[in-house]
Each structure stands twice: as C-alpha cells, then as structure tokens.
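*Asks:*
2 protein chains.
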Amino acid sequence: MINNQLNLSLYVVTDPFLPGSQPLKLVVEQAISGGAVCVQLRDKKCSSGELFKTAKELIGITKKHHVPLIINDRLDIALAVKADGVHLGQEDLPAQVARRIMPLEMILGVSVDSVQQALEAQDAGATYLGVGSIFPTATKPDAGYPIGLNTLSEICSHIDIPVVGIGGIHAENAGLVIAAGAQGVAVVSCVVGADDVTRAAEKVASAVSKALMKT
Amino acid sequence: MINNQLNLSLYVVTDPFLPGSQPLKLVVEQAISGGAVCVQLRDKKCSSGELFKTAKELIGITKKHHVPLIINDRLDIALAVKADGVHLGQEDLPAQVARRIMPLEMILGVSVDSVQQALEAQDAGATYLGVGSIFPTATKPDAGYPIGLNTLSEICSHIDIPVVGIGGIHAENAGLVIAAGAQGVAVVSCVVGADDVTRAAEKVASAVSKALMKT
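These protein sequence lines are chains H and W, in that order. For what it's worth, our numbering labels the leading residue of the first sequence as -13, then goes sequentially. For what it's worth, our numbering labels the leading residue of the second sequence as -13, then goes sequentially.
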C-alpha cells in the first residue's frame, strides 16, 4: 500500500554546480510553475550559514506554492527553516537515528540502490525512497554505477512506501521509470540546468503524468 | 557574573588533519588524562555518516570521564549522539536559530573575534564564547588575522559568559590568555598533534591553572 498523500511525481533537486545565470529561487519558482511537486535543496559544498540562507529563501517559495521542501543531508538546517523534510544518503546520518530526533510529521527520504537498503530504510521509518542512479548521470559523480530499471522494479515490488527514481532521468525516459513501479522521478540537470526551466519541467511532468495514467 | 558551572580551563579541539598515527579516541582519552576538561569534535571535510560514527565513539569516552563533548558546526550530529553541546562559527547556522531548535540545557559555543560579535552571540543565548585567533595559527587557515590579547581583554570585559581563547595557544603563552580575562584556553595542534598527548595537555593545564590562581 502506497501512501498517496505524498505526491512525488516530479521531484526537482537543485544543484549549485549547474551552469545558469539565474538565482536559485527563480529556478525553483519556474520549476514549480512547470509542474514540480517537491523540491530538494542539495549543496554539500557551501557553508552551513549559506545553506541556511538559501533554505530560508526557498522555503518562502515552496510554502507559497504548497510544495514540500526537502533538505539534503542536513537535518539541522531542515529543522532550522522548518522544512518539510530531510533526504539522507547512505553516507549521511543513519536514517533510524535521524527519525528518532526529528518530528514525526517530517518527511524522511533515503537514497538506496538495492532491495536490502530499501528494506532497511523502510524499517528505519523512511517516508519515501530515492532509488538510483537509474541511468548514467554526470550531475552526481559519486552516484555509482547505474542500477537500471530492473533493480528499480525489484525494489518497488518489495516495499510499501513511495519511490522516486533518480539519476539520468529526462522527459524521454521518465515514463520507463514510472512503468517500472516508481511513483515519481527526481530530476536535476534536465530541469534546473535547462535554459527554459518551466518548459523543461512541463515536459518531464507531462511524460510522468501520461505514464502514471497507464499504471 | 561568570557561570562557574562550566569549566573550560583546558578545552581541546580535535583536528583530523594533524599528523599522528593514533586513533582519535585514544588521543582524546590521553588529552583528558592530561587535564582536558572539554572536548570539541571538529571535522568539516568528512561525510555526515563518518562524523556521526566518530562522535559516537568520542561520546563514550567523554561521558565516562564526565567531560562535555561539543560538536563543531553540526547541531544534527550533536543531537544524534546526545552530545553536550554544539559550537558554531560565524559561517555556520546563526546562533539564535540554533538556540531556538536545541534543548535548553545544551551548551552553545560561538566563535567571535570582536566585541560586537561577542555581544550578539551572548544575546543569542550562547553558553560560552571561543575568541580568536589570539595568536597566529596554521591549524585553521580560515581563522583570519590574529586579534591579539588586547581585543580578547576588551571582549572579556564586555560580556558575562565564559570565554576561551583560541588560536596559536600553547603552554608558554596560555597564561597570557587567562591574564587577559579568559576562563580557559582552547588548543588544537599543541595537544592533539603532540607525540605525547597526555604530557602536552598536562603542560597547558598546569600553565592555565597557575594563571587562574592569580586572577
């Protein structure tokens, strides 16, 4: 049984290293207007103070549009700006530890790349899973070898919480990710790195929407 | 009026980049046996997962010796391991924001280098201040130009919470820092980078102790 209250159909992850002349908050505003229903702030390089400032800026936008803001890695920053959730990788604070110290209603996302990790994250109290990399990606050099659609499908069949596929996903292959069992796709470069962010988001959102209707 | 319940006379800050063949937990154990009364875990380069593991290891040692463990920058890690406190620099989460989301009894240390910053940190609810760099230091390249003993003295005369001097402090100049008005000294390389950590800590502790008796 999937928790349908959390819509993750188009989950946009910010990346400070992508080229682009626009401020991040404009990019996020455009992504939401194009159909993003969840936004993750990811920046592992900036200072905690800078991350806090950016998160504060973004929460103003996401709250206005009733879209959850998830902070990557930093539960303290998420708590500080009253973000909707935190997303933890396998190298971050263990999910069960984070769950213990965060408010119950807060969203906990966990990155996994195997059935074993997926089950562990679910047991630890994850609200949703980010599964990947599905396809090869240049955005996250430490993302590891792509796991492919079969592993995604296997993971989806073993767990009860929503799954978003991540890694190398764009408008042309997003439908495959949904067909494999994911409830949504997480995208980075193909949206936040696009010249026309709104249009790029619309294209992925439309592909996801069509694929979801067939499931 | 100084809060005398918090003894910060010899405050040892760990640094993962210092040469040394011993595991950090042994170094901390030796520093405590040499007189360290407060330990700060500082590592801005490792993953959150690694920092959590190290913090968990150290909290076992510090609790055994009834010495507070303070985590640098990461309030989430401090909460996760139930550390005694967090220490924030001017580039970290703002002190007043951290104070709002942390338990009241938790120690909040703040790095400052001016009277203005000191007063702001005190107003924000800091438990103690780390003032520096007092002398030139190679351990923290971003520490800025040394502020010297006069500025330390000026800061101490304007605030009511305990102060530890930090930056380039060792057994030979520790007494000057106390004489300038600090309640303790924070040391990095001269203790955790020493061949004989216990002996190095003893030497600084003894210098501080002598100077404190004269104040």
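For each residue, glycine too, the CB sits at the ideal point set by N, CA and C.
Check the Cβ of residue 62 (chain W) against every Cβ in chain H and list those closer than 7 Å, keeping chain order.
*Replies:* Neighbours of residue 62 (chain W) on chain H, chain order: 60, 61, 62, 79.
*Asks:* Taking only the alpha-carbon atoms, compute the straight-line gap between residue 138 (chain W) and residue 1 (chain W) and give it to the nearest angstrom.
*Replies:* Residue 138 (chain W) and residue 1 (chain W): Cα-Cα distance of roughly 23 Å.
*Asks:* Let me know if residue -11 (chain H) comes out buried or exposed under the rule of 16 or more other beta-carbons within 10 Å of its beta-carbon.
*Replies:* Note that residue -11 (chain H) has pLDDT 46, beneath the 50 cutoff, so the model's placement of it is unreliable and the number below is only indicative. It is exposed - the Cβ of residue -11 (chain H) has fewer than 16 other Cβ atoms within 10 Å.
*Asks:* Quick check: the Cα distance between residue 190 (chain W) and residue 157 (chain W), rounded to an integer number of angstroms?
*Replies:* Whole-angstrom Cα-Cα distance: 4 Å.
*Asks:* For residue 98 (chain W), write down the residues that DSSP places opposite it in a beta bridge.
*Replies:* In the DSSP output, where bridge partners are listed per residue, residue 98 (chain W) has W:117.
*Asks:* Tell me which residue opens and which closes the alpha helix (DSSP H) that residue 14 (chain W) is part of.
*Replies:* Per DSSP, residue 14 (chain W) belongs to the alpha helix (DSSP H) from 10 to 19.
*Asks:* Which same chain residues, not among the five before or five after residue 141 (chain H), have their C-beta less than 6 Å away from its C-beta?
*Replies:* These residues qualify, in order along the chain: 101, 104, 117.
*Asks:* Using a C-beta cutoff of 9 Å, does residue -12 (chain W) count as contacting chain H?
*Replies:* The predicted model places residue -12 (chain W) with a pLDDT of 45, which falls under 50 and marks its position as unreliable, so this point remains unresolved.
*Asks:* Tell me the rounded alpha-carbon separation between residue 110 (chain H) and residue 168 (chain W).
*Replies:* Rounded to whole angstroms, residue 110 (chain H) to residue 168 (chain W) spans 45 Å at the Cα level.
*Asks:* Just to check my reading of the structure: residue 59 (chain W) and residue 34 (chain H) have Cβ atoms closer than 8 Å, yes? What is that Cβ distance to the nearest angstrom?
*Replies:* About 6 Å; that satisfies the 8 Å criterion.
*Asks:* Should residue 199 (chain H) go down as buried or exposed, given a rule of 16 or more other Cβ atoms within 10 Å for buried?
*Replies:* Per the 10 Å Cβ criterion, exposed.
*Asks:* If you draw a straight line from the alpha carbon of residue -9 (chain H) to that of residue -9 (chain W), how long is it in whole angstroms?
*Replies:* Distance between the alpha carbons of residue -9 (chain H) and residue -9 (chain W): 49 Å.
*Asks:* Going by DSSP, which residues form a beta bridge with residue -7 (chain W)?
*Replies:* In DSSP, residue -7 (chain W) forms no bridge with anything.
*Asks:* Can you tell me the Cα-Cα spacing of residue -13 (chain H) and residue 178 (chain H), whole angstroms?
*Replies:* Caution applies to residue -13 (chain H), whose pLDDT of 38 falls short of 50 and renders its modelled position unreliable; the model cannot decide the point.
*Asks:* Pull up the CB-CB distance for residue 22 (chain H) and residue 67 (chain H), whole angstroms please, since I reckon it's below 8 Å.
*Replies:* The pair is not a contact, with the Cβ atoms about 18 Å apart (cut-off 8 Å).
*Asks:* Tell me which same chain residues have a C-beta within less than 6 Å of the C-beta of residue 65 (chain H), skipping the five on either side of it?
*Replies:* No residues qualify anywhere along the chain.
*Asks:* Which ranges does the alpha helix (DSSP H) cover as unbroken runs of at least 4 residues, wholly within the stretch 128 to 154 of chain H, from first to last along the chain?
*Replies:* Taking only runs of at least 4 residues, the alpha helix (DSSP H) segments lying wholly in the stretch 128 to 154 of chain H are 134 to 144.
*Asks:* Closest Cβ-Cβ distance between residue 86 (chain H) and chain W: below 9 Å?
*Replies:* Chain W, which has a Cβ nearer than 9 Å to the Cβ of residue 86 (chain H), makes this yes.
*Asks:* Just to make sure I have the definition right: I need the residues of chain W whose C-beta is within less than 8 Å of the C-beta of residue 27 (chain H). Which are they?
*Replies:* Per Cβ cutoff of 8 Å: no residues; residue 27 (chain H) is ~15 Å from chain W at best.
*Asks:* Out of H:192, H:143, H:184, point me to the one whose CA is closest to residue 160 (chain H)'s CA.
*Replies:* Closest by alpha carbon: H:192.
*Asks:* Taking 9 Å as the threshold (C-beta atoms), are residue 72 (chain H) and residue 56 (chain H) in contact?
*Replies:* In contact: residue 56 (chain H) and residue 72 (chain H) (Cβ atoms closer than 9 Å).
*Asks:* Using DSSP with H/G/I as helix, E/B as strand and the rest coil, what is residue 24 (chain W)?
*Replies:* Strand, per DSSP.
*Asks:* Check the DSSP bridge columns for residue 172 (chain H) and list the partner residues they point to.
*Replies:* Residue 172 (chain H) pairs with H:-3, H:152.
*Asks:* Are the CB atoms of residue 205 (chain W) and residue 79 (chain W) nearer to each other than 9 Å?
*Replies:* No answer is possible for residue 205 (chain W): it lies beyond the span of chain W, which begins at -13 and ends at 201.
*Asks:* DSSP three-state call for residue 74 (chain W): helix, strand or coil?
*Replies:* Strand, per DSSP.
*Asks:* Would you tell me roughly how many angstroms separate the C-alpha atoms of residue -2 (chain H) and residue 164 (chain H), rounded to the nearest one?
*Replies:* Cα to Cα, the separation comes out at about 16 Å.
*Asks:* I'd like to know if residue 38 (chain W) contacts chain H, where contact means its C-beta is closer than 9 Å to some C-beta of that chain.
*Replies:* By this cut-off, residue 38 (chain W) is an interface position.
*Asks:* Within 10 Å of its beta-carbon, does residue 122 (chain W) have 16 or more other beta-carbons around it, so buried, or fewer, so exposed?
*Replies:* So residue 122 (chain W) counts as exposed.
*Asks:* Can you tell me whether residue 27 (chain W) is buried or exposed, with buried defined as 16 or more other CB within 10 angstroms of its CB?
*Replies:* Classification for residue 27 (chain W): buried.
*Asks:* Given a threshold of 16 other Cβ atoms within 10 Å of its Cβ, counted over all protein chains shown, does residue 32 (chain W) qualify as buried or as exposed?
*Replies:* When all chains shown are included, residue 32 (chain W) counts as exposed.
*Asks:* Reducing DSSP to helix, strand and coil, say where residue 90 (chain H) ends up.
*Replies:* Looking at residue 90 (chain H) - three-state DSSP - the assignment turns out to be coil, as it is neither helix nor strand.
*Asks:* When the Cα of residue 120 (chain H) is compared with those of H:94, H:113, H:149, H:144, which residue comes out closest?
*Replies:* The residue with the shortest Cα to Cα distance from residue 120 (chain H) is H:149.
*Asks:* Considering only DSSP beta bridges, list what residue 57 (chain H) is partnered with.
*Replies:* Paired residue(s): H:27, H:72.
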